[in-house]
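**Q** Sequential numbering of the sequence shown, starting at 627, is according to this note's numbering.
All C-beta atoms in this analysis are idealised placements derived from N, C-alpha and C, irrespective of residue type, glycine included.
Predicted, not measured: the structure shown is a model, and the values here were computed from it.
I'd like to ask some things about the structure below.
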Amino acid sequence: MKFGTKAIHAGINPDPTTGAIMTPIYQTSTYVQDGVGNHKGYQYSRTQNPTRETLENNLAALENAKYGACFGSGIAAIDCVIKMLNPGDEVVSTNDLYGGSYRLFTTIFEKFGIIFHFVDMQDLSRVKEVVNDNTKLIWAETPSNPMMNVADIKALSSIAKSCNAWLCVDNTFATPYLQNPLDLGADLVMHSVTKYLGGHSDVIMGALVTSNETIAEEMYRIQNSSGAITSPMDCFLVLRGIKTLHLRVQRHCENAAKIVSFLVGHPGVDQVYWPGLETHKNHHVAAQQMRGFGGMISFTLKRDRLEDALEFVKRVKLFALAESLGGVESLIGHPATMTHAAIPKADRERSGVVDSLIRLSVGVEDVEDLIADLKGAL
Ligand SMILES: *Cc1c(COP(=O)(O)O)cnc(C)c1O
627 MKFGTKAIHA GINPDPTTGA IMTPIYQTST YVQDGVGNHK GYQYSRTQNP
677 TRETLENNLA ALENAKYGAC FGSGIAAIDC VIKMLNPGDE VVSTNDLYGG
727 SYRLFTTIFE KFGIIFHFVD MQDLSRVKEV VNDNTKLIWA ETPSNPMMNV
777 ADIKALSSIA KSCNAWLCVD NTFATPYLQN PLDLGADLVM HSVTKYLGGH
827 SDVIMGALVT SNETIAEEMY RIQNSSGAIT SPMDCFLVLR GIKTLHLRVQ
877 RHCENAAKIV SFLVGHPGVD QVYWPGLETH KNHHVAAQQM RGFGGMISFT
927 LKRDRLEDAL EFVKRVKLFA LAESLGGVES LIGHPATMTH AAIPKADRER
977 SGVVDSLIRL SVGVEDVEDL IADLKGAL
């Protein structure tokens, strides 16, 4: 089955009792059993729920995986992965990681004796330098937030295999429509479903998918034991959102390409970060492992002054000033004071998150209106 067909049909069957074509919202905590030990596959909704199960199967299919699990947020999905490790285990991650992932690693899990290394993953020699016998996980985010750095998934997977570690890819920015890390050798894929998969800015959710049986067992055990599950109502909304994922992402990519062309030629703009640009450091890797370059763009202003950046984000009218991304509507963000405020200034500037950096989540509106908005503000 090809992607668009899978988005609409994979793992989704008409409701067995009524024939309802849309998966019902099974808003129930428990399930009546015919006798002790004699049930229909569902006992308690923390452990499993038919609406959630349908979404988990659909998400697994989109990533060419065998197993999927949904969580109450993207962060809860990441939390589940790190809980698979033991004190003393080491994790190699990227130095321009999503701010919330960085906060989870450094303020929650370091306390429990897990050791994190943050390196520039565009440069594989930096990764090779820090892996050792204690490395149990390589955590990649590609393209990354907000610098749109691209890491070579295939190469990272062979480094992971050489030290018996797992490779997990945060595939939130690319979506399964543009990139399938498992096909490139990753062991595990994580999504903030909140973003493109949900697509309508109305749900917070996370997901993990894998084809590795050992990892899947741990994933379901922790999902049930730690209990960071998502609600049937939210699963229904995401199942609906995913039916148009391929259509939306096509338009996100087209709009972003046109906005990038506009920004690159503008005298008020300095750097433009987007994996589709030939000047992007790892454009050749992106062109190989992605089927399109996505709807996220970052850029800096000619004058690197905080006041100018703050004035710019105030002036735009269609781009709404907000955290998050991946919805149908265009959003604008200022990473240094918003998503990445938790990262120390010196650290963030070293990875490129300077005061004038602006991040766009390009929506699916008519691109002429979006460009006019940016032009006016510049
Ligand atoms: C938003 C985001 C997360 C966290 O997901 P939540 O659903 O907000 O908990 C993780 N990684 C990336 C790349 C994100 O954009």
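Quick check: does the Cβ of V803 come within less than 7 Å of any heavy atom belonging to ligand 1?
**A** Residue identity check: residue 803 is Tyr in the sequence provided, not Val. For Y803, the shortest C-beta to heavy atom distance toward ligand 1 is 7 Å or greater.
**Q** Where does the unbroken beta strand (DSSP E) through A935 begin, and where does it stop?
**A** Per DSSP, A935 belongs to no beta strand (DSSP E); it is in the alpha helix (DSSP H), L932 to R941.
**Q** Am I right that D981 and L944 are in contact with their C-beta atoms under 8 Å? What's the rounded C-beta distance?
**A** Contact between D981 and L944 fails: their C-beta atoms lie close to 24 Å from each other, not under 8 Å.
**Q** How about F605 and F742: are their beta carbons less than 8 Å apart?
**A** Nothing can be reported for residue 605: it is not among the residues displayed for the chain, which extend from 627 to 1004.
**Q** Kindly indicate which three-state DSSP category Y803 falls into: helix, strand or coil?
**A** helix
**Q** Could you name the residues that DSSP lists as bridge partners for Y693?
**A** T836
**Q** Exposed or buried, I734, counting other C-beta atoms within 10 Å across all chains shown (16 or more means buried)?
**A** exposed
**Q** Would you mind giving the Cβ-Cβ distance between G953 and S827, rounded to the nearest angstrom? I have them listed as a contact below 8 Å.
**A** 4 Å
**Q** Measuring only the C-alpha atoms, how far is F888 from V776?
**A** 22 Å
**Q** Assuming L834 and A695 form a contact by the criterion Cβ under 8 Å, report the distance between their Cβ atoms to the nearest whole angstrom.
**A** Contact between L834 and A695 holds, with the beta-carbon distance rounding to 5 Å and staying under 8 Å.
**Q** Tell me, please, whether the segment 921-932 touches the segment 809-819 by the rule of three or more beta-carbon pairs shorter than 8 Å.
**A** no
**Q** Going by DSSP in three states, V911 sits in which element: helix, strand or coil?
**A** helix
**Q** Residues in the same chain with beta-carbon distance under 6 Å from N763, minus the five sequence neighbours each way, listed in chain order, please.
**A** First, the amino acid is wrong: residue 763 is Leu here, not Asn. Closer than 6 Å at the Cβ level, and outside the excluded window around L763, lie V717, A791 and W792.
**Q** When burial is assigned at 16 or more other CB atoms within 10 Å of the CB, is Q915 buried or exposed?
**A** buried
**Q** Buried or exposed: which applies to T644, given that a residue is buried once 16 or more other Cβ atoms fall within 10 Å of its Cβ?
**A** exposed
**Q** To the nearest angstrom, how far is the alpha carbon of E949 from that of V658?
**A** 42 Å
**Q** Can F799 be considered in contact with ligand 1, in the sense that its beta carbon sits closer than 7 Å to one or more heavy atoms?
**A** yes
**Q** Please give the ranges of any beta strand (DSSP E) in the segment 716-741, keeping only runs that are unbroken, at least 3 residues long and fully inside the region.
**A** 716-720
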